[in-house]
Amino acid sequence: MAKFHKTKSNDLVFHCPGCNAIHVIDSRWSFNENVDMPTISPSLLVRWPDHVCHSFIREGKIQFLSDCTHKLKGQTVEIPDFETLHPNWTD
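Under the numbering used here, the first residue of the sequence shown carries the number 7, and numbering increases by one thereafter.
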């Protein structure tokens with residue numbers, strides 16, 4: 007099951023269970039080219055005015071760091087299957 011989805015513009019998207027939102031990975035990150043067991047580098051930091059999501063993504067899991075503001079802060083969880091959660095996704 008693909009945890010990452012590659013867009014037509016070659017960005018990667020995935021569903022973050024901490025934010026319950028889609029996050030985008032572009033060419034600034036290195037990627038192991040495995041959408042089923044993705045690893046990216048460096049860490050991913052997503053900020054909104056009142057929300058922070060900071061994580062490492064390794065071997066298909068998200069390690070949420072201590073500066074996250076959501077309920078999965080400090081936990082490591084599997085990345086959910088993208089197409090199961092977003093079956094009608096279009097780029």
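Every residue gets a Cβ at the ideal spot worked out from N, C-alpha and C, and that includes glycine.
Note that the coordinates shown come from a computational prediction; the quantities given were computed from them, not determined experimentally.
Self-check item: Boundaries of the beta strand (DSSP E) in which Thr82 is found, first to last residue
Solution: First-last of the beta strand (DSSP E) with Thr82: Thr82 to Glu84.
Practice problem: State the Cα-Cα distance for the pair Cys100 and Thr96, rounded to the nearest angstrom. | Solution: The chain is shown only over 7 to 97; residue 100 falls outside these bounds and no answer can be derived.
Self-check item: Reference Lys14; option with closest CA among Ala27, Ser61 and Asp32
Solution: Of the candidates Ala27, Ser61 and Asp32, the one whose C-alpha sits nearest the C-alpha of Lys14 is Asp32.
Self-check item: Residues of its chain near Glu65, where Cβ-Cβ distance is below 7 Å and the 5 sequence neighbours each way are ignored
Solution: Apart from the 5 residues on each side of it in sequence, Glu65 sits with its Cβ closer than 7 Å to the Cβ of Met43 and Thr45 in its chain, given in chain order.
Practice problem: From the DSSP output, in three-state form, read off Phe70 for me. | Solution: Note: Phe70 maps to strand in three-state DSSP.
Quiz prompt | Separation of Asp56 from His67, as counted between CA atoms | solution = Inspection of the sequence shows that residue 67 is occupied by Lys rather than by His. Taking the straight line from one Cα to the other gives about 25 Å.
Exercise. Whole angstroms is fine: what's the gap from Cys25's alpha carbon to Trp35's?
Key: Using only the alpha carbons, I get a separation of about 20 Å.
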